[in-house]
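Notes for the one structure printed next.
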Amino acid sequence: MKTIIRVVVVMALMAHLAACGGMKEAKARAEQNREMQGLIGVAKSLRIYASNHDGAYPASLDDPSFLKGLGSSVRERLEVKNWQTGEIARAWYVRSHAADSSAKAILLASPWVYDDRRVVVFFDGGGKVAKENGTRSFQEALTETLKMGGRELLK
Numbered sequence: 069m070k071t072i073i074r075v076v077v078v079m080a081l082m083a084h085l086a087a088c089g090g091m092k093e094a095k096a097r098a099e100q101n102r103e104m105q106g107l108i109g110v111a112k113s114l115r116i117y118a119s120n121h122d123g124a125y126p127a128s129l130d131d132p133s134f135l136k137g138l139g140s141s142v143r144e145r146l147e148v149k150n151w152q153t154g155e156i157a158r159a160w161y162v163r164s165h166a167a168d169s170s171a172k173a174i175l176l177a178s179p180w181v182y183d184d185r186r187v188v189v190f191f192d193g194g195g196k197v198a199k200e201n202g203t204r205s206f207q208e209a210l211t212e213t214l215k216m217g218g219r220e221l222l223k
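Residue numbers (the numbering used here): 69 to 223.
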């Protein structure tokens, strides 16, 4: 009888440990989705700004004429919090090719990478948790990709 109880207890502990690993992964996905939704909100604000300024995007996310029209909730989304470390950094904004970029070129990217994945938002407003190539730095790949108007840095 004691052996059966021990086996049941060990199985229960193993199930609990396995569930905790699944919960970490689920939390990671939820945090990345929250981050992506925040950046999609910023992208919408950027597109509204551009439509009100003859298609011109702001020079930076700190452009006073851009910030003036934002509500506080969108301003908060400009700063992306790393949910693992608590660090805060500004989202990466790619404006240099805004006028000639395709709808699927990257507009915003998270400064944080989790398990070789980064949140990116495209000019068309769509978002993706993208796996990086890992063959070169993300910023180098982003610059090359935007020059070519494609999405080569994403797998």
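Think of the CB as a built atom: it goes at the ideal place given N, C-alpha and C, for glycine as much as any other residue.
Keep in mind it's a predicted model, so treat the numbers as computed, not measured.
Around Trp180, the same chain offers Asn150 as residues with beta carbons nearer than 6 Å, after the five sequence neighbours per side are excluded. Annotation for Phe190: no alpha helix (DSSP H) segment contains it, though the beta strand (DSSP E) segment containing it runs 185 to 190. For a cut-off of 8 Å, the C-beta gap from Arg145 to Leu107 is around 7 Å, short enough to register as a contact.
Boundaries for Glu144: no beta strand (DSSP E) harbours it, while the alpha helix (DSSP H) harbouring it runs 140 to 145, taken from the DSSP string. Relative to the Cα of Ser128, the nearest Cα in the group Tyr182, Arg158, Val197 belongs to Arg158. Proximity to Trp160 across Val110, Asp122, Phe134 peaks at Val110, based on C-alpha coordinates. CA-CA distance, Asp183 to Arg102, rounds to 17 Å.
In its chain, beyond the 5 residues on either side, no residue has a beta carbon closer than 6 Å to the beta carbon of Arg74.
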